[in-house]
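Peer 1:
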Amino acid sequence: MLVFVLFGLGAAQAQIVFEADFENTTGSNAWTFGGGAVDGNFAIGTPAATDNHQLSRTWDGTGALVTGLAGGTDGGDDVDTGSTFAISPAFTVPSSATADARLEMHYYFSHSNAAAATDLFQVILLRTAGNLVVFQETGAGTVRLPQYSRLSLDLSDYEGETLQLAFQVTTTTASIVEAAIDSVQVMMPSSLGGTVWNDANDNGILEGGESGLEGVLVELLDSNNIAEINPNLPGDKAYVVATDSFGNYEFNNLLPGDYKVKIATPWSIRHVFG
152 MLVFVLFGLG AAQAQIVFEA DFENTTGSNA WTFGGGAVDG NFAIGTPAAT
202 DNHQLSRTWD GTGALVTGLA GGTDGGDDVD TGSTFAISPA FTVPSSATAD
252 ARLEMHYYFS HSNAAAATDL FQVILLRTAG NLVVFQETGA GTVRLPQYSR
302 LSLDLSDYEG ETLQLAFQVT TTTASIVEAA IDSVQVMMPS SLGGTVWNDA
352 NDNGILEGGE SGLEGVLVEL LDSNNIAEIN PNLPGDKAYV VATDSFGNYE
402 FNNLLPGDYK VKIATPWSIR HVFG
């Protein structure tokens, strides 16, 4: 059997609902800042190179949302026995039957070994129905040095709502506590798909008389040929879908990026076309 795979290979383009890269400090006017941390409050700028609990770089570009921005010495301008917060402008999450809204961002939460479980980094949704903590990281009795981590949250339960993002850092101890946020996006992921069919004349074109193949398992890979994780299932499961009765397949809820596919079932493959 001669099988041909047609795939719309390329960059998945997500719909961006809200975005903040913190590259322009004049954009700080659109955010609300506050708290009792005084010098340790959130501000937009570049983290200090001389503070051990601030990472002297952003995740991307030159700006980030950083606590204790002026801190020239370790702990000199950290969040001291209080809290600081930053609140985004409002945005409305679209409703969709084919994609789940997501929050994507990078952050770090660092502290000295005096930190306790009452020292918190929180992501909060401000909503009419009541504010909701959707992510929380607590302190611990060990040193946590700054290192950016990716945070990805499903916002599909809030589609159709108007929201604001709030980032809050709270400490009730004498610990040195710092945090930073960068590259924030609320997005509606996209999809990619194609067709698997019996290419009878081996010309790479789906023509009349050539039928799609049902039940072929197709696996999604990233641009480095590493298996993608299925965002629609719990756990770290490979993203594999089966073709329908017409040989069509689709991968949905994809973040922006370049993708490839491979046949996961043992068909006789002559061509893979991108």
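Quick note: the sequence shown uses the working numbering, first residue 152, plus one each step.
Glycine included, every Cβ here is placed at the ideal spot set by N, Cα and C.
On a predicted model such as this, the values are computed, not experimentally measured, just so you know.
Taking only the alpha-carbon atoms, compute the straight-line gap between Ala252 and Pro340 and give it to the nearest angstrom.
Peer 2: Numbered from 1 along the sequence shown, position 101 holds the residue referred to as residue 252. Numbered from 1 along the sequence shown, position 189 holds the residue referred to as residue 340. Spanning the two alpha carbons is a distance of roughly 7 angstroms.
Peer 1: Does the Cβ of Val369 have 16 or more other Cβ atoms within 10 Å, making it buried, or fewer, making it exposed?
Peer 2: Here residue 369 corresponds to residue number 218 of the sequence shown, with the count starting at 1. Per the 10 Å Cβ criterion, buried.
Peer 1: Starting from the Cα of Ser239, find the closest Cα among Tyr258, Leu216 and Asp353 and give me that residue.
Peer 2: For the purposes of this step, residue 239 is identified with residue 88 of the sequence shown, where counting begins at 1. Comparing Cα-Cα distances from Ser239 to each of Tyr258, Leu216 and Asp353, the minimum goes to Leu216.
Peer 1: Do you know how far the Cα of Ser261 is from the Cα of Asp373?
Peer 2: As a working note, residue 373 is residue 222 in the sequence shown. As a working note, residue 261 is residue 110 in the sequence shown. Computed Cα separation, rounded: 31 angstroms.
Peer 1: Looking only at DSSP bridge pairs, what is Gln315 linked to?
Peer 2: For the purposes of this step, residue 315 is taken as residue 164 along the sequence shown, with counting starting at 1. Partner(s): Leu277.
Peer 1: Measure the C-alpha to C-alpha separation of Leu283 and Asp395 and round it to an integer number of angstroms.
Peer 2: Taking the first residue of the sequence shown as 1, we reach residue 283 at position 132. Taking the first residue of the sequence shown as 1, we reach residue 395 at position 244. Cα to Cα, the separation comes out at about 40 angstroms.
Peer 1: Report yes if the C-beta distance between Val168 and Val285 is below 8 angstroms; otherwise report no.
Peer 2: As a working note, residue 168 is residue 17 in the sequence shown. As a working note, residue 285 is residue 134 in the sequence shown. No.
Peer 1: Decide if Gln319 is buried, meaning its Cβ has at least 16 other Cβ atoms within 10 Å, or exposed.
Peer 2: On the sequence shown, position 168 is the one that residue 319 refers to. Burial call: buried.
Peer 1: Flag this pair as yes or no: are the beta carbons of Gly363 and Trp348 separated by less than 8 angstroms?
Peer 2: Start at 1 with the first residue of the sequence shown, and residue 363 comes out as number 212. Start at 1 with the first residue of the sequence shown, and residue 348 comes out as number 197. Result yes, Cβ atoms of Gly363 and Trp348 sit closer than 8 angstroms.
Peer 1: I need the DSSP call for Gly159, collapsed to helix, strand or coil.
Peer 2: For the purposes of this step, residue 159 is taken as residue 8 along the sequence shown, with counting starting at 1. In this predicted model, Gly159 has a pLDDT of only 44, less than 50, meaning its place in the structure is not dependable; the value taken from the coordinates is given anyway. Reduced to three states, the DSSP call for Gly159 is coil.
Peer 1: Contact check, Gly219 vs Asp229 under 8 angstroms by CB: the rounded distance?
Peer 2: Your numbering for residue 219 matches position 68 in the sequence shown. Your numbering for residue 229 matches position 78 in the sequence shown. Yes, they are in contact, since the Cβ atoms of Gly219 and Asp229 sit about 5 angstroms apart, within 8 angstroms.
Peer 1: State the DSSP-derived secondary structure class of Ala250, mapped to helix, strand or coil.
Peer 2: Locating residue 250 in the sequence shown gives position 99, counting from the first residue. In this structure, Ala250 counts as coil in the three-state DSSP scheme.
Peer 1: Indicate the three-state DSSP secondary structure (helix, strand or coil) for Phe424 in the structure shown.
Peer 2: To locate residue 424, count along the sequence shown from 1; it is residue 273. Low confidence applies to Phe424: its pLDDT is 38, below 50, so where it sits in the model is not reliable, and the reading given next is rough at best. DSSP places Phe424 in strand when its eight states are reduced to three.
Peer 1: By Cβ distance below 7 angstroms, which residues in the same chain neighbour Ser334 in space, the five residues on each side in sequence not counted?
Peer 2: Within the sequence shown, residue 334 is the residue found at index 183, counting from 1. Hits under 7 angstroms: Asp172, Trp210, Asp211, Met256 and His257.
Peer 1: Can you name the residues that DSSP bridges to Leu271?
Peer 2: Translated into the one-based positions of the sequence shown, residue 271 becomes position 120. Leu271 is bridged to Thr289 and Thr321.
Peer 1: Do you know offhand how far Ile195's Cα is from Thr322's?
Peer 2: Here residue 195 refers to the residue found at position 44 when the sequence shown is read from its first residue. Here residue 322 refers to the residue found at position 171 when the sequence shown is read from its first residue. If I take the Cα positions, the gap works out to 21 angstroms.
Peer 1: Determine the extent of the beta strand (DSSP E) in which Ile195 is found, giving its start and end residues.
Peer 2: As a position in the sequence shown, residue 195 is number 44, starting the count at 1. Its beta strand (DSSP E) spans residues Phe193 to Gly196.
Peer 1: Do Ile377 and Asp387 have their C-beta atoms closer together than 8 angstroms?
Peer 2: The sequence position of residue 377 within the sequence shown is 226, counting from 1. The sequence position of residue 387 within the sequence shown is 236, counting from 1. In this structure, Asp387 does not lie closer than 8 angstroms to Ile377 by Cβ.
Peer 1: Please give the ranges of any beta strand (DSSP E) in the segment 327-358, keeping only runs that are unbroken, at least 3 residues long and fully inside the region.
Peer 2: If we require 3 residues or more, the beta strand (DSSP E) runs fully inside the segment 327-358 come out as 328-339 and 341-349.
Peer 1: Under 8 angstroms, do Gly398 and Thr313 count as touching if we go by C-beta distance?
Peer 2: Here residue 398 refers to the residue found at position 247 of the sequence shown. Here residue 313 refers to the residue found at position 162 of the sequence shown. No, they are not a contact pair.
Peer 1: Can you tell me the Cα-Cα spacing of Pro245 and Ala181, whole angstroms?
Peer 2: Position 94 of the sequence shown, counted from the first residue, corresponds to residue 245. Position 30 of the sequence shown, counted from the first residue, corresponds to residue 181. When rounded, the distance between both Cα atoms is 21 angstroms.
Peer 1: How many angstroms separate the CA atom of Asp116 from the CA atom of Ala280?
Peer 2: Because the chain in this structure spans residues 152 to 425, residue 116 falls outside the shown range and cannot be described.
Peer 1: Would Gly290 pass as a contact of Ala267 if the rule is Cβ separation under 8 angstroms?
Peer 2: On the sequence shown, residue 290 is found 139 positions in, with the first residue counted as 1. On the sequence shown, residue 267 is found 116 positions in, with the first residue counted as 1. Cβ distance < 8 angstroms, so Gly290 and Ala267 count as in contact.
Peer 1: Taking the beta strand (DSSP E) that Asp373 belongs to, which residues open and close that run?
Peer 2: Residue numbering aside, residue 373 sits at position 222 when the sequence shown is read from its first letter. That run of the beta strand (DSSP E) goes Leu368 to Asp373.
Peer 1: Exposed or buried, what is Thr235 when buried is set at 16 or more other beta-carbons lying within 10 Å of its beta-carbon?
Peer 2: Here residue 235 is taken as the residue at index 84 of the sequence shown, counted from 1. That one is buried.
Peer 1: Relative to the C-alpha of Asp231, which residue among Val328, Asn375 and Lys411 is closest?
Peer 2: As a first step, residue 231 is located in the sequence shown; it is residue number 80 there, counting from the start. Of the listed residues, the one whose Cα sits closest to Asp231 is Val328.
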